[in-house]
Amino acid sequence: MKILVINAGSSSLKYQLIDMEQKLVMAKGLCERIGIDGSRLKHTPAGKDTVVIDSAMPTHADAITLVIDALVSPEHGVIASMDEIGAVGHRVVHGGESFSESVVIDEKVKAGIRECIDLAPLHNPANLIGIEACEKVMPGVPQVAVFDTAFHQTMPAQAYLYGLPYEYYQTYKVRRYGFHGTSHKYVSQRAAEMLGKPLSELRIITCHLGNGSSVAAIDHGKVVDTSMGLTPLAGVIMGTRCGDIDPAIVTFMMEKEGLDPKAMDNVMNKQSGVLGISGISSDFRDLLAAADEGNERAKTALDMFFYTVKKFVGSYAAVMGGVDAIVFTAGVGENNAPCRAAVTSTLGYMGVAIDPELNQQRGGDRDISAPDAKVRTLVIPTDEEMMIALDTQRLTSK
Ligand code: ADP
């Protein structure tokens, strides 16, 4: 079975065609500037150079049509006809409380995704447009929605409620949802495979550290807490997002600077985080380079990042009564050895110890623990597309 995985944004659409028998990506690519002048498709067949196709894409349906054309093209295609695509898996950002797992898409599911637009006003409309574009271009091909929030739906009320009037939760659904769920799910399953034990017997802390970062506590296979909240702004300090702050700062700064809600939201999402602290960059490679050259603010920004991640790891070990494995994933977690060293540095009392040489090595899934460590520290490159494809296969081949 071949599955097309789609991640639709408001003016972009990423895709991967995955051969599920061989668990191989056959081709992947990106449509940019959909509905805007200068739109183009960057298509990369496995093992070949990227081809750039400049073509008008007034709508997402036009973009999907171009993707299919590229996939079946005699020059840079990877399949003979569209009929080879057995199913489509869509990344959907917000499933609210309605979706605790992936689902086959029908009218009711689309209505459910529409109901969550309030909670993800930028993402869910684009995800719906992507779904409807596929329905139009590939009628009859089953489609599955995989939600970023779904894996975290197992959290108990003590973890997902905020200390606000209960009516805010009842009326507006204000609660912790958490994000990156597909990634936390994928790496926790891989961790269980690597440790040779079922997920249901393990306590795992997964650290998805990239531009956006989140940490999750997965207790015997179920998420019991995660660092992101109602929105992806909460938790650890991130590239440009502030993470957890004293909520009173919001009104204090709005008054001081005369900011309206939208402007304040923009400050916290786009001008804060390690960018706001360093004044240099949101990119961790730039910060490491600047810190190496002696830039104090870059060093402080990195220290703050490592420190907040460590605080979540420590608190999640506390709520689970211990931890069997800590997993690092995403751009920073997979590639940044100093980050892993700093986050684990004072956790020896919990039985966490990494091998400095193994920590420096690069590559795929790896165990970087010291031989005598009671807690395993793993680095697992995330693969959200494969997780989406696996769920899509499972739900459509029933
Ligand atoms: P996103 O949240 O956009 O998916 P990624 O998971 O791709 O983000 O992570 C992007 C971050 O990973 C960037 O800040 C980048 O600097 C960092 N990163 C990527 N490669 C390295 C590396 N070799 N060393 C340190 N940081 C890296």
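Each residue of the sequence shown is one higher than the one before, starting from 689 at the first, in the working numbering. From the three backbone atoms N, C-alpha and C, an ideal C-beta is built for every residue, glycine too. Quick caveat: nothing in here was measured; it's all calculated off a predicted structure.
Query raised in the report: Taking the alpha-carbon positions, what's the MET956 to ARG985 distance?
Result: As a working note, residue 956 is residue 268 in the sequence shown. As a working note, residue 985 is residue 297 in the sequence shown. Taking the Cα positions, MET956 is about 19 Å away from ARG985.
Query raised in the report: With 16 as the cutoff for other CB atoms within 10 Å, does PHE940 come out buried or exposed?
Result: Taking the sequence shown and counting its residues from 1, one reaches residue 940 at position 252. A residue is called buried once 16 or more other Cβ atoms fall within 10 Å of its Cβ, and PHE940, having fewer, is exposed.
Report task. Any chance you could list the residues with Cβ under 5 Å from a heavy atom of the ligand ADP, keeping chain order? Result -> In chain order, the qualifying residues are GLY898, ASN899, GLY900, ASP971, PHE972, ARG973, ALA1018, GLY1019, VAL1020, ASN1023 and ASN1024.
Query raised in the report: Looking only at C-alpha atoms, which of MET714, GLY783 and ASP806 sits nearest to LYS1088?
Result: Past the boundaries of the shown model lies residue 1088; the chain is included only from 689 to 1086, so the question cannot be answered.
Query raised in the report: The beta strand (DSSP E) with ILE1020 in it runs from where to where?
Result: To locate residue 1020, count along the sequence shown from 1; it is residue 332. It should be noted that the sequence gives Val, not Ile, for residue 1020. Per DSSP, VAL1020 belongs to no beta strand (DSSP E); it is in the alpha helix (DSSP H), 1018-1023.
Query raised in the report: Measuring CA to CA, which of THR1032, GLY1051, ASP1053 and GLY1052 is closest to ASP1043?
Result: Counting from 1 along the sequence shown, the entry for residue 1043 is found at position 355. Distances from the CA of ASP1043 to each of THR1032, GLY1051, ASP1053 and GLY1052 were compared; the closest alpha carbon is that of THR1032.
**Report entry** Own chain residues within Cβ distance below 8 Å of ALA744, not counting five before or after
**Finding:** Mapped onto the sequence shown, residue 744 falls at position 56. Within the same chain, ALA744 has close Cβ partners SER727 and ASP750.
Query raised in the report: Is it right to say LEU712 is buried, meaning 16 or more other beta carbons lie within 10 angstroms of its own, or is it exposed?
Result: Taking the first residue of the sequence shown as 1, we reach residue 712 at position 24. Exposed, since its Cβ has fewer than 16 Cβ neighbours within 10 Å.
Query - Where ASN812 sits in the DSSP three-state scheme - result: Start at 1 with the first residue of the sequence shown, and residue 812 comes out as number 124. Three-state DSSP puts ASN812 in a helix.
**Report entry** ILE819 Cβ short of 7 Å to the ligand GDP heavy atom set
**Finding:** Only the ligand ADP can be found as ligands here, which leaves the ligand GDP out of the picture.
Query raised in the report: From LEU754 to CYS804, what does the alpha carbon distance come to, in whole angstroms?
Result: Counted from its first residue, the sequence shown places residue 754 at position 66. Counted from its first residue, the sequence shown places residue 804 at position 116. Straight-line spacing of the CA atoms in LEU754 and CYS804 works out to 29 Å.
Report task. Specify the secondary structure class of GLY877 as computed by DSSP and reduced to three states. Result -> For this step, residue 877 is matched to residue 189 along the sequence shown. What sits at residue 877 in the sequence shown is Gln, not Gly. Helix, per DSSP.
Query raised in the report: With distances taken from CA atoms, which of PRO1059, ALA696, LYS716 and VAL1011 is nearest ALA879?
Result: Taking the first residue of the sequence shown as position 1, residue 879 is located at position 191. Nearest C-alpha to ALA879 among PRO1059, ALA696, LYS716 and VAL1011: VAL1011.
Query - Secondary structure, beta strand (DSSP E): runs of 3+ residues fully inside the stretch 934-1007 - result: With a minimum length of 3 residues, no continuous beta strand (DSSP E) run stays inside the stretch 934-1007.
Query - Bounding residues of the alpha helix (DSSP H) (the contiguous stretch that carries ARG1082) - result: Residue mapping note: residue 1082 aligns to position 394 of the sequence shown, counting from 1. According to the DSSP assignment, ARG1082 belongs to the alpha helix (DSSP H) that extends over 1072-1084.
Query raised in the report: Between which two residues does the alpha helix (DSSP H) carrying ILE756 extend?
Result: Walking along the sequence shown from the start, residue 756 turns up at place 68. Counting along the chain, the alpha helix (DSSP H) containing ILE756 begins and ends at 748-760.
Query raised in the report: Secondary structure at LYS910, three-state DSSP: helix, strand or coil?
Result: As a first step, residue 910 is located in the sequence shown; it is residue number 222 there, counting from the start. For LYS910, the secondary structure class from DSSP, reduced to helix, strand or coil, is strand.
Requested in this report: Within the same chain, show all residues whose beta-carbon is closer than 7 Å to that of LYS716, passing over the 5 residues directly before and after it, in chain order.
Outcome: Stepping through the sequence shown from its first residue, residue 716 is reached at position 28. Taken in chain order, the residues that qualify are TYR703, GLN704 and THR732.
Requested in this report: Within the same chain, show all residues whose beta-carbon is closer than 6 Å to that of THR738, passing over the 5 residues directly before and after it, in chain order.
Outcome: Locating residue 738 in the sequence shown gives position 50, counting from the first residue. The residues are LYS730 and THR732.
Query raised in the report: Can you tell me the Cα-Cα spacing of ASP1079 and SER1057, whole angstroms?
Result: As a working mapping, residue 1079 is identified with position 391 in the sequence shown. As a working mapping, residue 1057 is identified with position 369 in the sequence shown. Spanning the alpha carbons of ASP1079 and SER1057 requires a straight line of approximately 31 Å.
Query raised in the report: Is it buried or exposed for LYS873, if we count other Cβ within 10 angstroms and need 16 for buried?
Result: On the sequence shown, position 185 is the one that residue 873 refers to. By the Cβ neighbour-count rule, LYS873 is buried, with 16 or more other Cβ atoms within 10 Å of its own.
Query raised in the report: Smallest Cα separation from THR842: which of VAL875, VAL825, LEU852 and VAL911?
Result: The sequence position of residue 842 within the sequence shown is 154, counting from 1. Comparing C-alpha distances from THR842 to each of VAL875, VAL825, LEU852 and VAL911 shows the shortest one belongs to VAL911.
Requested in this report: Spatial neighbours of PRO886 within its chain, please: CB distance less than 7 Å, with the 5 preceding and 5 following residues excluded, ordered by chain position.
Outcome: Sequence index remark: in the sequence shown, residue 886 carries index 198 (1-based). Taken in chain order, the residues that qualify are ALA880.
Requested in this report: Kindly list the residues whose CB is nearer than 7 Å to the CB of VAL1063, restricted to its own chain and excluding five residues on each side of it in sequence; keep chain order.
Outcome: Position 375 of the sequence shown holds residue 1063. Only VAL1011, ASP1012, ALA1013, ILE1014, MET1038, GLY1039 and VAL1040 meet the Cβ criterion.
Query raised in the report: Grouping DSSP H, G and I as helix and E and B as strand, with all else coil, what is ASN1047?
Result: Within the sequence shown, numbered from 1, the residue matching residue 1047 stands at position 359. The answer is helix: DSSP assigns ASN1047 an H, G or I state.
Requested in this report: Give the DSSP-derived three-state secondary structure of ARG891 in the structure shown.
Outcome: Position 203 of the sequence shown, counted from the first residue, corresponds to residue 891. Three-state result, ARG891: strand.
Report task. Identify which residue in GLN1048, GLY697 and PRO844 has its Cα closest to the Cα of ILE817. Result -> In the sequence shown, counting from the first residue as 1, residue 817 sits at position 129. Sorting GLN1048, GLY697 and PRO844 by C-alpha distance to the C-alpha of ILE817 places GLY697 at the top.
**Report entry** GLU789 versus GLY927: straight-line alpha-carbon distance, rounded
**Finding:** Reading the sequence shown from its first residue, position 101 is the one you call residue 789. Reading the sequence shown from its first residue, position 239 is the one you call residue 927. In a straight line, the C-alpha of GLU789 is about 29 Å away from that of GLY927.
**Report entry** CA-to-CA distance, SER700 to TYR719, given in whole angstroms
**Finding:** Along the sequence shown, one-based indexing puts residue 719 at 31. Along the sequence shown, one-based indexing puts residue 700 at 12. Checking the sequence shown, residue 719 turns out to be Cys, not Tyr. Rounded to whole angstroms, the gap between the alpha carbons of CYS719 and SER700 is 5 Å.
Query raised in the report: Does the Cβ of ILE793 have 16 or more other Cβ atoms within 10 Å, making it buried, or fewer, making it exposed?
Result: Along the sequence shown, one-based indexing puts residue 793 at 105. With at least 16 other beta carbons inside 10 angstroms of its own, ILE793 counts as buried.
Query raised in the report: If you follow the alpha helix (DSSP H) that ALA847 is part of, which residue opens it and which one closes it?
Result: Position 159 of the sequence shown holds residue 847. Run containing ALA847: 845-848, per the alpha helix (DSSP H) assignment.
Query - Opening and closing residue of the alpha helix (DSSP H) in which VAL797 lies - result: Here residue 797 refers to the residue found at position 109 of the sequence shown. Element bounds for VAL797: 795-803.
Report task. Starting from the Cα of ARG721, find the closest Cα among THR988, LEU1066 and ILE741 and give me that residue. Result -> Residue mapping note: residue 721 aligns to position 33 of the sequence shown, counting from 1. Residue ILE741 is the option with its Cα nearest to ARG721.
Query raised in the report: Where does SER871 sit, in a helix, a strand or coil, going by DSSP?
Result: Counted from its first residue, the sequence shown places residue 871 at position 183. Here SER871 carries a helix assignment [DSSP, helix/strand/coil].
Report task. From the DSSP output, in three-state form, read off MET770 for me. Result -> Indexing the sequence shown from 1 puts residue 770 at position 82. Note: MET770 maps to helix in three-state DSSP.
Query raised in the report: Assuming VAL1001 and LEU1035 make a contact with CB atoms under 8 Å, what is their CB distance in whole Å?
Result: Residue mapping note: residue 1001 aligns to position 313 of the sequence shown, counting from 1. Residue mapping note: residue 1035 aligns to position 347 of the sequence shown, counting from 1. Contact between VAL1001 and LEU1035 is confirmed by a C-beta separation of about 7 Å, below the 8 Å threshold.
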